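Shown next, in structure tokens, is the structure this report addresses.
In this note's numbering, the protein residues as written are 73 to 432.
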């Protein structure tokens, strides 16, 4: 069953659970969101306007930016089209995005980058797709930006040429064949990364610090195996001082609900909520892609924690969207906006503002 303590669900930036909030409360909420989130908006283009005033001086160390309690992480959604569409390949949409993040690292006060999976389309059959992705991530590495990658179904041997099942009778088994992915993205490429299985980035965690807080990013395989969920549970138990961010390819559906099916994996997103996310009050954020376009939900968990889950999935042929997620640990806000570096556009309809978060 779905979690019954949901505060609100938004899809495509519009409230799809209006019955949960009175009109007066909604108006008050909107006013609070504007006052809490707007002043900290960074301008990634360097020009005045929608992205506001927070900028960091060139070459500033992270500690010099921590006083205001505001930093950002970037979440890259499904990029599977960017490695097969001719225009995107010629114009290097994937690399353009990561170079933009690297170039604006100081201005955004960017501390971490997450990819929520479907990095490629059928890279198991076409290594050139992984080569495009690998080159793009080199830009982050050269800038000293830590990154965590999730595995989508298209990043595994489950998907064949054209994006359909490579072997329909063995899709479940082939979903766990990630040799091609790990050839290009081995764990040793990510210093400090700890993995569930030796030599495989499929399930891993990394640590970082920002704004006087300790953070952990855990990436979990698609529709994870029970033993993977149990592993993550133990890791989080061992780090109660960490604000935990979980990223997995499929979690929210297109309307902001928690997914109920495991498809050709082992467990459903609801299982993940019931057996991991709801059990730890220090889990603060969950990022996913795979389906839909843009949505978020906020849950009050039985553990006493409040977790915000954000979906981003655009499958764009023309743009290269990236979510810039601004976290204000002093005000307890999370503000997610979508920017497309290739044309300097901001997709305002996919903006999400969340208040009332409590960071450790």
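Note that beta-carbon positions come from the ideal geometry of N, C-alpha and C, so glycine has one too. None of the values given here were measured: they were computed from a predicted structure.
Residue(s) in a DSSP beta bridge with residue i
i: residue 165; result: Bridge partners of residue 165: none, in fact.
i: residue 395; result: 147, 410
i: residue 278; result: 289
i: residue 418; result: 411
i: residue 221; result: 187
i: residue 237; result: 231
i: residue 273; result: Partner(s): none; residue 273 has no beta bridge.
i: residue 319; result: 291, 359
i: residue 267; result: 276
i: residue 425; result: 407
i: residue 142; result: 400
i: residue 366; result: 384
i: residue 330; result: 324
i: residue 182; result: 144
Exposure of residue i, with buried meaning 16 or more beta-carbon neighbours within 10 Å
i: residue 309; result: exposed
i: residue 378; result: buried
i: residue 240; result: exposed
i: residue 430; result: exposed
i: residue 218; result: buried
i: residue 139; result: exposed
i: residue 380; result: buried
i: residue 270; result: exposed
i: residue 396; result: buried
i: residue 276; result: buried
i: residue 200; result: exposed
i: residue 150; result: buried
i: residue 415; result: exposed
i: residue 417; result: exposed
i: residue 162; result: exposed
i: residue 251; result: exposed
Selected residue, minimal CA-CA separation from residue i, among the options
i: residue 425; options: 401, 368, 432; result: 368
i: residue 255; options: 417, 203, 304; result: 203
i: residue 313; options: 401, 337, 432, 178; result: 432
i: residue 364; options: 324, 398, 342; result: 324
i: residue 214; options: 173, 370, 392, 339; result: 173
i: residue 352; options: 306, 402, 252, 157; result: 306
i: residue 165; options: 413, 386, 357; result: 413
i: residue 235; options: 249, 261, 190; result: 190
i: residue 303; options: 224, 399, 274, 223; result: 274
i: residue 385; options: 376, 372, 348, 224; result: 224
i: residue 428; options: 404, 415, 416; result: 404
i: residue 342; options: 376, 298, 366; result: 298
i: residue 355; options: 332, 340, 374, 338; result: 374
i: residue 338; options: 248, 175, 171, 179; result: 248
i: residue 491; options: 178, 179, 146; result: Because the chain here runs from 73 to 432, residue 491 falls outside it and cannot be looked at.
i: residue 399; options: 370, 242, 357; result: 357
i: residue 359; options: 178, 332, 391, 185; result: 185
i: residue 387; options: 370, 260, 366, 177; result: 366
i: residue 272; options: 264, 253, 263; result: 253
Cβ shell of residue i (< 7 angstroms), same chain only, five flanking positions each side left out
i: residue 246; result: 228, 229, 230, 238, 239
i: residue 167; result: 207, 208, 211
i: residue 244; result: 336
i: residue 159; result: none
i: residue 232; result: 194, 197, 238
i: residue 281; result: 287
i: residue 222; result: 187, 188, 189, 291, 319, 320, 321
i: residue 376; result: 353
i: residue 192; result: 152, 155, 201, 202, 205, 226, 227
i: residue 264; result: 278, 279
Cut-off 6 angstroms between Cβ atoms - residues of its own chain near residue i, not counting five sequence neighbours on either side
i: residue 289; result: 220, 278, 317
i: residue 148; result: 187, 394
i: residue 419; result: 410
i: residue 389; result: 153, 157
i: residue 131; result: Residue placement at residue 131 cannot be trusted, given a pLDDT of 32 that sits under 50; what the coordinates show is reported in the next sentence. Correct list: empty, nothing qualifies.
i: residue 283; result: 138, 141, 143, 401
i: residue 258; result: none
Integer Cβ distance of residue i from residue j, believed to fall under 8 angstroms
i: residue 292; j: residue 267; result: Going by Cβ atoms, the distance from residue 292 to residue 267 rounds to 12 angstroms, so no, they are not a contact pair.
i: residue 334; j: residue 295; result: 5 angstroms
i: residue 361; j: residue 327; result: Their Cβ separation, rounded to whole angstroms, is 15 angstroms, which puts residue 361 and residue 327 out of contact at 8 angstroms.
i: residue 300; j: residue 347; result: The Cβ separation is near 11 angstroms, so there is no contact.
Own chain, CB closer than 8 angstroms to residue i, minus 5 neighbours either side, in chain order
i: residue 423; result: 85, 407, 408, 409, 410
i: residue 285; result: 315, 401, 431, 432
i: residue 99; result: Model confidence at residue 99 stands at a pLDDT of 36, short of 50, so the residue's coordinates are unreliable and nothing is read from them.
Minimum Cβ-Cβ distance from residue i to chain B less than 7 angstroms
i: residue 141; result: Any reference to chain B falls outside this structure, which holds one protein chain only.
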